[in-house]
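Note sheet for the following structure.
Number of protein chains: 2
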Amino acid sequence: MSILKNAADVLRLFGADCTDLTVSEVTTRLDMPKANASRLLKAMREAGMLETIGDTRRHRPGRLMLDLAAAFRRSSGLIGRASEVMSEVGLRFGHTGYITLRVGREVTAVADFPGTNALRVVSNIGRRLPAAMSATGRSLLARLTDEEVRALYEGDTALDVLLEKLSEVRTTGYATSSQEATPGVDSIAIAVADPATDEAVSLCIVYPHAVVDQSGHNEMLAALAAGATRIAEELGDTGFVTPKI
Amino acid sequence: MSILKNAADVLRLFGADCTDLTVSEVTTRLDMPKANASRLLKAMREAGMLETIGDTRRHRPGRLMLDLAAAFRRSSGLIGRASEVMSEVGLRFGHTGYITLRVGREVTAVADFPGTNALRVVSNIGRRLPAAMSATGRSLLARLTDEEVRALYEGDTALDVLLEKLSEVRTTGYATSSQEATPGVDSIAIAVADPATDEAVSLCIVYPHAVVDQSGHNEMLAALAAGATRIAEELGDTGFVTPKI
DNA sequence: AACAGTAGATCCATAAAATGGAACTTTGAC
DNA sequence: GTCAAAGTTCCATTTTATGGATCTACTGTT
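These protein sequence lines map, in sequence, to chains W and S. One rule links them: number in the numbering used here = place in the first sequence (from 1) + 91. One rule links them: number in the numbering used here = place in the second sequence (from 1) + 91.
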């Protein structure tokens with residue numbers, strides 16, 4: 092087992108609910124002899140992948156990691172275009188926006204656009220949502236075939252319900268949710284892909300259920316749809332379904 | 092030389108002007124036999140630290156890296172507090188804000204708060220600025236002693252000018268710049284530290300020179316100063332100089 | 001202040017992985 | 001199709017990781 096693999100596993104432990112790690116935590120969570128964990132963290136520290144918090148024994152990702160997310164975003168023309176659309180839409184309506192991508196059964200935000208309204212959904216980059224249970228996730232899952240979704244969710248009892256929802260997303264061209272992941276929060280999401288790199292992202296706008304009526308919803312949907320359609324046309328995304336509003 | 096060190100060196104290549112890498116680039120930039128570079132990138136790919144862009148031979152940071160910057164931010168109470176202040180100040184004035192920290196002679200943004208004004212400075216996270224040549228960098232450098240600054244900038248011909256500027260920052264409690272790094276852009280920065288972890292960050296607001304007059308400048312400075320002072324009091328930052336406005 | 005309990009670091013022989021030069025294969029341009 | 005550049009694989013050698021046990025440094029308790 093390469094030490095790189097172990098180092099990557101340590102980095103993977105930094106999830107939504109884990110901001111720092113100790114030798115013991117690594118020992119137990121990765122089921123690894125503590126001698127190894129101790130030396131592994133030391134080596135990662137020396138390489139700059141980790142740093143200790145103050146002079147405690149808690150570790151967090153090193154400053155080296157701070158630029159990498161930015162490099163990732165810049166490397167993708169798709170994300171750049173999506174960012175333009177989201178900041179435009181976010182600015183116009185004052186709600187919070189995300190650009191997300193799917194990793195297996197989860198979606199991760201790669202960029203966030205905090206809203207400006209007094210009552211807005213607080214942006215929460217780094218938090219991972221189950222793809223099947225969020226509008227943004229379903230907009231991305233809908234780009235897979237039913238077979239691929241079946242393979243991905245093999246053994247899941249709610250598979251049929253999911254497939255039905257995805258079928259609707261494929262027809263309408265967009266996904267919505269109302270108070271699904273978070274009470275009081277609705278969202279609209281549209282996915283678009285870059286055929287050149289085979290990557291897909293979702294443009295997602297989240298807003299407080301209470302402050303947006305049907306016509307507000309439609310306006311945002313139209314703005315999002317216009318932006319996504321423009322990207323799809325520019326990149327030649329043949330799998331894109333122009334949203335029917 | 093540990094492979095972790097080499098992997099970290101590869102990650103370090105992803106800077107402001109480098110969004111993707113090939114085997115050859117790694118070979119030349121790290122002066123490494125191409126056999127090693129090839130295997131190194133392969134191992135990093137398999138570990139998830141890198142991914143190829145589409146099916147080309149260009150590499151970018153893996154999706155694994157997307158959460159790490161967020162974990163870093165969450166691990167720091169200082170950054171959390173600073174974020175609250177910046178989003179408050181950013182929202183009130185509509186200008187773009189940053190939270191930065193110093194790494195050697197450079198400053199990196201760890202969080203950005205895009206402005207809402209029509210004419211605003213576009214946020215540019217991941218870009219590194221020379222600490223000596225930016226308000227935010229000088230606000231952080233001013234927290235060092237003259238001896239430490241001398242050691243850091245040993246051999247730099249502009250050292251004396253820098254020390255003089257830092258001395259002024261230490262007196263006034265804040266740093267400013269006018270059209271220094273970017274034409275037409277001014278900024279105000281105040282640094283604050285957490286004595287518990289020995290980390291310091293700078294709260295920095297950037298705005299178009301043309302649209303802010305002296306009283307607008309003073310208002311923003313006062314807001315930034317109030318927020319920074321609150322943080323310094325909460326954390327017991329004894330090195331903090333309450334800004335004199 | 002002495003104590004226990006726990007977290008972390010270090011030591012060691014063994015097992016596994018990295019190294020770099022060279023040969024080989026693939027890719028892309030003309 | 002040909003060629004040069006880019007990338008991969010091979011090999012013996014050197015270096016590094018492994019994991020059990022031991023030693024050390026903290027944390028909190030009485």
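Note that beta-carbon positions come from the ideal geometry of N, C-alpha and C, so glycine has one too. Small disclaimer: the values here were computed from a predicted structure and weren't measured.
So who's on the other strand from residue 192 of chain S, going by DSSP bridges?
S:199
Distance, residue 185 of chain S Cα to residue 306 of chain S Cα:
16 Å
Mapping the DSSP letters down to three states, classify residue 175 of chain W as helix, strand or coil.
helix
Is residue 328 of chain S close to chain W, meaning its C-beta is less than 9 Å from at least one C-beta of that chain?
no
Which of the three DSSP states is assigned to residue 271 of chain W in this structure?
coil
Would you call the region 106-115 of chain S and the region 244-256 of chain W touching, i.e. three or more CB-CB distances under 8 Å?
no
With a CB to CB cut of under 8 Å and the five nearest residues on each side skipped, what residues in its chain are close to residue 142 of chain W?
136, 150, 151, 152, 153 and 154
Extract the residue ranges of the alpha helix (DSSP H) inside the region 286-330 of chain W, only unbroken runs of 4 or more that lie entirely within it.
305-326
Does the contact criterion of 3 or more C-beta pairs under 8 Å hold for the region 310-326 of chain W versus the region 123-131 of chain W?
no
Within 10 Å of its beta-carbon, does residue 187 of chain S have 16 or more other beta-carbons around it, so buried, or fewer, so exposed?
buried
Give the interface partners of residue 96 of chain W over in chain S, defined as CB-CB distance under 9 Å, in chain order.
134, 137, 138 and 139
Using 8 Å for Cβ pairs, my map puts residue 329 of chain W next to residue 286 of chain W. What's the rounded Cβ distance?
7 Å
Below 9 Å between beta carbons: does that hold for residue 201 of chain W and residue 160 of chain W?
yes
Quick check on the DSSP output: the alpha helix (DSSP H) that includes residue 257 of chain W runs from which residue to which?
250-263
Between which two residues does the beta strand (DSSP E) holding residue 142 of chain W run?
141-143
Report the three-state DSSP secondary structure of residue 219 of chain W (helix, strand or coil).
strand
Quick check on DSSP: helix, strand or coil for residue 279 of chain W?
strand
Taking 9 Å as the CB-CB limit, is residue 107 of chain W close to chain S?
yes
Can you tell me where the alpha helix (DSSP H) with residue 164 of chain S in it begins and where it stops?
159-166
Residues in the same chain with beta-carbon distance under 6 Å from residue 173 of chain S, minus the five sequence neighbours each way, listed in chain order, please.
190, 292 and 294
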